[in-house]
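Here is the structure we will look at.
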Amino acid sequence: MIDSLNIAWKYIRFNKVKTATLVACITLISFLPMALELLLNESEKQLMSRAVSTPLVIGAKGSALDLVMNTLYFDDEVPELITMESANRVMDSKLAQPIPLYVRFQARRNPIVGTTLDYFDFRNLRIAEGRQLAILGDCVLGARVAESLGLKPGDSLVSSPETLFDLAGVYPLKMKVVGVLTKSHTSDDLSVFVDLKTAWVIQGLGHGHVDVTKLQDPTLVLKRTGKNVAATAKLYQHTEITEKNIDAFHFHGDLSHYPLTAVLAVPRDDKSGTILRGRYLKREQTRQVVRPADVIDGLLQNIFRIKNVLDAVISVVALATILAIILVFALSLRLRQREIQTIFKLGCRRATIVRLLAAEIFIIAIMSAVFCGALIWMVNQFSNDLVRMLFIR
Amino acid sequence: MITIQTLEFCYPNGEFKLNIPDFQVSGGEKVAVIGPSGSGKTTLLNLIAGIMTPQNGTVSVDDAQVSTLGDLERRDFRITNIGFVFQDFELLDYLNVFDNVLHPYRITGALKLDKAVRDRAESLTQDMGIGDKLKRKPNDLSHGEKQRVAICRALLPQPRLILADEATGNLDPDNKILILDLLFKAVSDYNATLVAVTHDHELLKHFDQIVNFQEFKNKAAV
Numbered sequence: 001m002i003d004s005l006n007i008a009w010k011y012i013r014f015n016k017v018k019t020a021t022l023v024a025c026i027t028l029i030s031f032l033p034m035a036l037e038l039l040l041n042e043s044e045k046q047l048m049s050r051a052v053s054t055p056l057v058i059g060a061k062g063s064a065l066d067l068v069m070n071t072l073y074f075d076d077e078v079p080e081l082i083t084m085e086s087a088n089r090v091m092d093s094k095l096a097q098p099i100p101l102y103v104r105f106q107a108r109r110n111p112i113v114g115t116t117l118d119y120f121d122f123r124n125l126r127i128a129e130g131r132q133l134a135i136l137g138d139c140v141l142g143a144r145v146a147e148s149l150g151l152k153p154g155d156s157l158v159s160s161p162e163t164l165f166d167l168a169g170v171y172p173l174k175m176k177v178v179g180v181l182t183k184s185h186t187s188d189d190l191s192v193f194v195d196l197k198t199a200w201v202i203q204g205l206g207h208g209h210v211d212v213t214k215l216q217d218p219t220l221v222l223k224r225t226g227k228n229v230a231a232t233a234k235l236y237q238h239t240e241i242t243e244k245n246i247d248a249f250h251f252h253g254d255l256s257h258y259p260l261t262a263v264l265a266v267p268r269d270d271k272s273g274t275i276l277r278g279r280y281l282k283r284e285q286t287r288q289v290v291r292p293a294d295v296i297d298g299l300l301q302n303i304f305r306i307k308n309v310l311d312a313v314i315s316v317v318a319l320a321t322i323l324a325i326i327l328v329f330a331l332s333l334r335l336r337q338r339e340i341q342t343i344f345k346l347g348c349r350r351a352t353i354v355r356l357l358a359a360e361i362f363i364i365a366i367m368s369a370v371f372c373g374a375l376i377w378m379v380n381q382f383s384n385d386l387v388r389m390l391f392i393r
Numbered sequence: 394m395i396t397i398q399t400l401e402f403c404y405p406n407g408e409f410k411l412n413i414p415d416f417q418v419s420g421g422e423k424v425a426v427i428g429p430s431g432s433g434k435t436t437l438l439n440l441i442a443g444i445m446t447p448q449n450g451t452v453s454v455d456d457a458q459v460s461t462l463g464d465l466e467r468r469d470f471r472i473t474n475i476g477f478v479f480q481d482f483e484l485l486d487y488l489n490v491f492d493n494v495l496h497p498y499r500i501t502g503a504l505k506l507d508k509a510v511r512d513r514a515e516s517l518t519q520d521m522g523i524g525d526k527l528k529r530k531p532n533d534l535s536h537g538e539k540q541r542v543a544i545c546r547a548l549l550p551q552p553r554l555i556l557a558d559e560a561t562g563n564l565d566p567d568n569k570i571l572i573l574d575l576l577f578k579a580v581s582d583y584n585a586t587l588v589a590v591t592h593d594h595e596l597l598k599h600f601d602q603i604v605n606f607q608e609f610k611n612k613a614a615v
């Protein structure tokens, strides 16, 4: 009975370091292209599914990619701002339903998405715990944010200042967590949702303080003319919206001039969408309308172009590794000449030597395949998170 | 019985030529082969075992003419009929003592490894005094112990012919006698023939026949 596998296994166990090195080389060189392919396919799926489900995005003229990445995936890169007037115009045109978005601030590294309740219907986001946004200062958390920060309805979350060194900048706002969304496996899971007006309060465009007409302390008053009172910087502004002070919050000026990063436009039909897009074609227009699917498709084309280069590089590295492995086996055979001669002298056939070596290669290949399979399984299990970590938010 | 008829062997590089006149070894006989280093003693054992083939002449072991067998038949014949104890033990360092002893059974289809063989291997290693070292690797053994493992490996298939190439070399006097006794015991147990190469003239008195390579005057430097 020729027990090639048993003997080969004993040889492999005895030469642990050599075997581990070979297995690691083969595993990595097989795993890398497969993992890359898997992650790119997953990122394509995720990017495209969200892009396809978002018909039109209106934003300031400039980088369409920045606009789409900020609007769809709440990327840190904030595009040029537009105003609420853009949303009002879409509404007035009756061609599409506008969903304004203001994605500029963060709370503990999670984007704060200022929007309206229409956004939740549009994205089919449901409340898993608590309630929807109702009053100024409320926030609803994406499932992953609630999970990672350990927050639940009734807790509070403070917005992060844009820059710590700007003493005259925006004060952090303590927001009340009123709800947690169900998991959607999209960027929404990693976001903090507030009403548009709350986002403007975070920026300081809306604020709350004591009634300046009733101020007694002269150091708080800069100028008093007729009905107008100008307060000094000493005037305390509320950093939390409560039932007691909510009435003190107010917005100065015309809300239609308030900033947005983008407007999601959901056309009533294809024709309406085409007409709407036509309205933003004029050169003097300061805004643009983009179809996210087109923008993401362009991005993916570039990614796949880079992937082709990576594939070529990996192929060359794989070839080099295979040659190195062949060299290792050849050198190993030379080192094992004495052992092979002994087996020959005992009366072993040449075919048995080939079988023994083949058994060793087979075991190493199986071990590499198992490790590679395990790694691929892990990548597959966490592909969603990995894609969000590596490619998109 | 071994029969050699006007054997001629030359290495491919032509630097060494071996000529052996006719000689015979009867079954059950213990033969010592002596001669200076490089005179061709190991080559003779290799020719008898069919590891090398002569250019001229024949080597027969019992009824089989080893020198004319085909490669595969020669290998099968060797593993089933000849127990070879090599000069430097030639144990496989990745196998433990027991696996080394069983190794011939695992590399050929000509021998069948079953429970009886395993039991015999255990009993043989006990007899050889290495029964408590079956799980050890060769690197953990002394010279004498390694040699005993090599002898067990050679004897396990119960060969008709035992070839020992300086089996007692590098051993202390006590171990030399012990190893020789073990080989002689196997010869009597299996009714085998023993051809042993040795440099130790003190051991020659234990053998039935002595083949002295110097008497052949067969070495010719080219």
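Chains as they are written, first to last, in this note's numbering: chain S, 1 to 393; chain W, 394 to 615.
Using N, Cα and C, we set each Cβ at its ideal position, and we do this for glycine too.
Collapsed DSSP secondary structure at residue i in the structure displayed
i, result
"W/Phe416", "strand"
"S/Thr213", "helix"
"S/Thr83", "strand"
"S/Asn88", "helix"
"S/Arg104", "strand"
"S/Cys348", "coil"
"S/Arg396", "In the structure as shown, chain S starts at 1 and stops at 393, and residue 396 of chain S therefore has no counterpart that could be examined."
"S/Ile241", "coil"
"W/Ala613", "Confidence at W/Ala613 is low in this model, with a pLDDT of 36, below 50, so its placement is unreliable and the value that follows should be read with caution. Coil."
"W/Ser430", "coil"
"S/Leu400", "Within the shown structure, residues of chain S are numbered from 1 to 393, placing residue 400 of chain S beyond reach of any answer."
"S/Ser191", "coil"
Residue-chain proximity (residue i, chain S), Cβ-Cβ < 9 angstroms
i, result
"W/Asp469", "yes"
"W/Phe343", "Nothing about residue 343 of chain W can be read from this structure; chain W reaches only from 394 to 615."
"W/Leu465", "yes"
"W/Asp567", "no"
"W/Phe477", "yes"
"W/Tyr583", "no"
"W/Ala457", "no"
"W/Ala614", "Per-residue confidence for W/Ala614 stands at a pLDDT of 31, beneath the threshold of 50, marking its modelled position as unreliable; the derived number appears in the next sentence. False, the Cβ-Cβ gap to chain S never drops below 9 angstroms."
"W/Ala560", "no"
"W/Pro497", "yes"
"W/Asn611", "Confidence at W/Asn611 is low in this model, with a pLDDT of 42, below 50, so its placement is unreliable and no value can be given for it."
"W/Asn605", "no"
"W/Glu483", "yes"
"W/Thr461", "no"
Extent of the continuous alpha helix (DSSP H) to which residue i belongs
i, result
"S/Ala51", "Lys16 to Val52"
"S/Val387", "Ser383 to Leu390"
"W/Gln398", "No alpha helix (DSSP H) contains W/Gln398, which is instead part of the beta strand (DSSP E) from Ile395 to Cys403."
"W/Asn493", "Val490 to Arg499"
"W/Lys539", "His536 to Leu548"
"S/Arg412", "An answer regarding residue 412 of chain S cannot be provided, because it is not within the stretch 1 to 393 covered by chain S."
"S/Thr225", "Not the alpha helix (DSSP H): S/Thr225 falls in the beta strand (DSSP E), residues Val221 to Thr225."
Residue-chain proximity (residue i, chain W), Cβ-Cβ < 9 angstroms
i, result
"S/Leu356", "yes"
"S/Thr352", "yes"
"S/Phe471", "As displayed, chain S neither begins before 1 nor continues past 393, which places residue 471 of chain S out of reach and without an answer."
"S/Asp3", "yes"
"S/Glu147", "no"
"S/Ile7", "yes"
"S/Phe14", "yes"
9 angstroms Cβ cutoff met for residue i and residue j
i, j, result
"S/Met175", "S/Leu157", "yes"
"S/Val140", "S/Val194", "yes"
"W/Tyr583", "W/Gln551", "yes"
"W/Val604", "W/Cys545", "no"
"S/Asp155", "S/Val177", "yes"
"S/Glu80", "S/Met69", "no"
"W/Val459", "W/Ile441", "yes"
"W/Phe491", "W/Glu515", "yes"
"W/Ile427", "W/Thr561", "no"
C-beta neighbour in chain A for residue i, strict 9 angstroms
i, result
"S/Cys348", "This model lacks chain A altogether; the protein chains it does include are S and W."
Range of the contiguous beta strand (DSSP E) that encloses residue i
i, result
"W/Asn568", "Unbroken run through W/Asn568 is the alpha helix (DSSP H), Pro566 to Tyr583; no beta strand (DSSP E)."
"W/Thr451", "Asn449 to Val454"
"S/Ser148", "That residue, S/Ser148, is in no beta strand (DSSP E); its alpha helix (DSSP H) goes Ala143 to Leu149."
Would you check if there are 3 or more beta carbon pairs closer than 8 angstroms linking the segment 526–539 of chain W to the segment 551–560 of chain W?
-> no
Just checking, does the segment 251–263 of chain S make contact with the segment 87–107 of chain S on the three C-beta pairs under 8 angstroms criterion?
-> yes
Stretch-stretch touch, CB-based, cutoff 8 angstroms, three pairs: the segment 346–359 of chain S with the segment 47–66 of chain S = no
Can you find at least 3 beta carbon pairs, one from the segment 115–133 of chain S and one from the segment 301–316 of chain S, that sit closer than 8 angstroms?
-> no
Answer yes if the segment 403–423 of chain W comes into contact with the segment 589–609 of chain W, meaning at least three C-beta pairs across the two stretches below 8 angstroms, and no otherwise.
-> yes
So does the segment 38–47 of chain S actually touch the segment 375–391 of chain S, counting three or more Cβ pairs closer than 8 angstroms?
-> yes
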